[in-house]
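*Asks:* The structure is given below, and queries will be raised subsequently.
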Amino acid sequence: MAVARSILVALLAAVCIAISTAAAATSVNTTDFVGCLALHLPPGIVYTQSSESYPSVLEFSIKNLRFVTPATPTPLVIVKATHATHVRIAVRCGAAHGVRVRPRSGGHDYEGLSYRSLDAAHPFAIVDLAALRAIRVDVRSRSAWVESGATLGELYYGIANKSARLGFPAGVGPTVGVGGHFSGGGFGLMLRKYGLAADRVVDAVMVDAKGRLLDRAAMGEDHFWAIRGGGGGSFGIVVSWKLQLVRVPAIVTVFTVHRPRNQSASDLLTKWQNVAPALPRDMILRVVVQNQDAQFESLYLGRCAGVVATMTKMFPELGVTRRDCIEMSWIESVLYFAFYGTGKPKEMLLDRGTKPDRYFKGKSDFVHEPIPRDVWESTSSWFLEDGAGLLILDPFGGKMGSVAPSATPFPHRGALYNLQYYGFWWDNTTEASEQHMGWVRRSHREMEPYVSKSPRGAYVNYKDLDLGVNEYGGDGAGASYETARVWGEAYFKDNFERLAAVKAMVDPADFFRNEQSIPPLP
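Numbering (full-length UniProt numbering), first residue to last: 1 to 522.
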């Protein structure tokens, strides 16, 4: 094993030297780029557009049918990395021959920027990380190393297989890739107790724009700060993350209660805005609004008696009783919210899905002052429109409110809650697309007076190109900082300037770029 590792290191060093000598070239040479990959990477992991398996490899991690069309610019090459060395070589070959590289983890990017481009004139490549999915849990230190291609479901499964008393505060969707999720901050049902997923990242290993493999110590604290919430695809390709796991009780409690419009849904939503951010940190109470029905969903890190006592004291109008509660283990609660039911085998968390099955569009806001009751009442008519989607309200408070906005790139910690507008459909018609996307955009527009301002905030993990896209100069020049501020300050507020300063330090040539990547500060 030691000999094999030594040989691998020696070969990599030789490859790096050879490629570095060619790196002075800045013009795009796609033939030489493909040749560079073929020369330095093992067979079976490089897929060009002429490869028989290219369509299936491309679509494997795509989650949005909006971007599976003949008109969508697709990558020149897909490198299906199985080792960090493959990522390094892909980056070095790309830098040497003028082909930029985009990382793809789980493929959940709301605008598909991890696998598509709006610019057909400039070829790009994908480094697909799906095969880099190892998870190593150390129960004694309550830590885990997880590779970027793993999904949240695989991470939760891996933790639960080692300990029933450890968990991790990340998102609800089990097929979401950890690489993109952590890169944007990442929040889930334990955010009020433990904060963002990125808050629990204590180390990382990444490939930078020079093709170097760096850990936290080698990259430096500014670079490490940027990758924990500054969005994926800007600062390098993170191949693995070290996480500080959290303690979970042996028994947690969940409940889901529905309250339609004719059962005071508007009144309940109005009060919820003050109650949910003020609940004990062990409890979250989120809301999904759809079809004039408000669905209140809760996870409590304790037994049912605590739920009933808390709700009776702080939100008696919701009418939660012991009959609404279900006690279970933490991993069972993960399955409950992922698949909306009990008794599901935890192996379901290992299903990554294979093909996109729906079209969708999302937008987001952060709410700092309670929205008036009459506004909530008026929203009920939205759900009678053709193409109506849903609203998802995730409350903050608790741990979120005790962390400085500049601690990580995610600046919205002082909000009452995050509001997501989400539309989805299955019909492959222009009419269906216009109806559903139109509903999302109209709903977002109607809420403008009642959400954050100067700038109006948005969550980078709910990527939204309606906010704006990068503009590039000629001859491969980097993105315009002033143009990017329009969308960048919506995602990051005052942290955007620091992110751009980090970008100028670690990737001044703007090698890692996409339509909403961080530009170098001039």
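Yeah, the Cβ is synthetic: ideal placement off N, Cα and C, and Gly gets one too.
1. Output the distance between the C-alpha atoms of V257 and A150, rounded to the nearest integer angstrom.
2. Within a Cβ cutoff of 8 Å, which residues of the same chain sit near V139, ignoring the five residues on either side of it in sequence?
3. Please classify A160 as buried or exposed, where buried requires at least 16 other C-beta atoms within 10 Å of its C-beta.
4. Please determine, among A218, P372, L285 and D203, the residue with the shortest C-alpha to C-alpha distance to L243.
5. For the beta strand (DSSP E) containing K503, name the first residue and the last one.
6. Roughly how many angstroms separate the alpha carbons of V403 and Q435, rounded to a whole number?
7. How about V207 and F255: are their beta carbons less than 8 Å apart?
8. Counting C-beta neighbours from all protein chains within 10 Å, is the total for D494 16 or more, i.e. buried, or is it exposed?
9. On the DSSP letters alone, give me the boundaries of the alpha helix (DSSP H) that Y447 sits inside.
10. Output needed for Y54: all residues of its chain with C-beta closer than 8 Å, excluding positions within five of it in sequence on either side, in chain order.
11. Judging by CA-CA distance, which residue of F512, F511 and R498 is the nearest neighbour of A521?
12. How close, in whole Å, do the beta carbons of S73 and R116 come, if the pair is a contact with beta carbons under 8 Å?
13. Have a look at Y359 and G389 and give me their C-alpha separation to the nearest angstrom.
14. Using only alpha-carbon positions, find the residue among F424, D282, V275 and R373 that is nearest to R247.
15. Got a sec? Which residues, its chain only, sit under 6 Å from R66 by beta carbon, not counting five neighbours each side?
16. Per DSSP, which one or two residues make a beta bridge with K363?
17. Over what stretch of residues does the beta strand (DSSP E) that includes T253 continue unbroken?
18. Below 6 Å CB to CB, which residues in the same chain sit around G184 once its five sequence neighbours on both sides are set aside?
19. Give the DSSP-derived three-state secondary structure of T21 in the structure shown.
20. For M505, collect the residues of the same chain with a Cβ closer than 8 Å to its Cβ; drop the 5 residues on either side in sequence, then sort them by chain order.
21. Among the residues of its own chain, which have a CB less than 7 Å from the CB of E377, if the five just before and after it don't count?
22. Under the three-state reduction of DSSP, which class applies to P395: helix, strand or coil?
23. If you draw a straight line from the alpha carbon of Y422 to that of A276, how long is it in whole angstroms?
*Replies:* A quick look at the data gives this:
1. Within the sequence shown, residue 257 is the residue found at index 257, counting from 1. Within the sequence shown, residue 150 is the residue found at index 150, counting from 1. About 32 Å.
2. For this step, residue 139 is matched to residue 139 along the sequence shown. Here the set comprises K162, S163 and L166.
3. Here residue 160 refers to the residue found at position 160 of the sequence shown. A160 is buried by the Cβ-count criterion.
4. On the sequence shown, residue 243 is found 243 positions in, with the first residue counted as 1. That would be D203, whose Cα lies nearest to the Cα of L243.
5. By one-based count along the sequence shown, residue 503 stands at place 503. Careful: K503 lies outside any beta strand (DSSP E), inside the alpha helix (DSSP H) at N495 to V506.
6. Residue numbering aside, residue 403 sits at position 403 when the sequence shown is read from its first letter. Residue numbering aside, residue 435 sits at position 435 when the sequence shown is read from its first letter. The straight-line gap from Cα to Cα measures roughly 40 Å.
7. Taking the sequence shown and counting its residues from 1, one reaches residue 207 at position 207. Taking the sequence shown and counting its residues from 1, one reaches residue 255 at position 255. Result no, Cβ atoms of V207 and F255 do not sit closer than 8 Å.
8. Numbered from its first residue, the sequence shown carries residue 494 at position 494. The residue in question, D494, is exposed, as its Cβ has fewer than 16 Cβ neighbours within 10 Å.
9. In the sequence shown, residue 447 corresponds to position 447, counting from 1. Sequence inspection shows Met at residue 447; the Tyr mentioned does not correspond to that position. No alpha helix (DSSP H) contains M447, which DSSP labels as neither H nor E.
10. In the sequence shown, the residue the question calls residue 54 occupies position 54. Excluding sequence neighbours, Y54 sits near Y47, T48 and I78.
11. Translated into positions along the sequence shown, residue 521 becomes position 521. Correcting the residue type first, residue 521 is Leu in the shown sequence and not Ala. It is R498.
12. To locate residue 73, count along the sequence shown from 1; it is residue 73. To locate residue 116, count along the sequence shown from 1; it is residue 116. Checking the sequence, you will find Pro at residue 73 rather than Ser. Rounded, the Cβ-Cβ distance is 6 Å, consistent with contact.
13. To locate residue 359, count along the sequence shown from 1; it is residue 359. To locate residue 389, count along the sequence shown from 1; it is residue 389. Each residue's alpha carbon lies about 12 Å from the other.
14. Start at 1 with the first residue of the sequence shown, and residue 247 comes out as number 247. Residue D282 is the option with its Cα nearest to R247.
15. The count along the sequence shown starts at 1 and reaches residue 66 at position 66. The answer, listed in chain order, is Y359.
16. The sequence position of residue 363 within the sequence shown is 363, counting from 1. The partner list for K363 (beta bridge, DSSP) reads Y421.
17. Stepping through the sequence shown from its first residue, residue 253 is reached at position 253. V252 to P260 is the extent of the beta strand (DSSP E) around T253.
18. As a position in the sequence shown, residue 184 is number 184, starting the count at 1. So the qualifying residues of the chain are G231, V460 and N461.
19. The count along the sequence shown starts at 1 and reaches residue 21 at position 21. With a pLDDT of only 35 at T21, under the threshold of 50, the placement of this residue in the model should not be trusted, and no figure is reported.
20. As a working mapping, residue 505 is identified with position 505 in the sequence shown. So the list reads D222 and H223, once near-sequence residues are dropped.
21. If you number the sequence shown from 1, residue 377 lands on position 377. So the qualifying residues of the chain are S266.
22. As a first step, residue 395 is located in the sequence shown; it is residue number 395 there, counting from the start. If DSSP states are grouped into helix, strand and coil, P395 belongs with the strands.
23. For the purposes of this step, residue 422 is taken as residue 422 along the sequence shown, with counting starting at 1. For the purposes of this step, residue 276 is taken as residue 276 along the sequence shown, with counting starting at 1. Looking at the two C-alpha atoms, the distance is approximately 21 Å.
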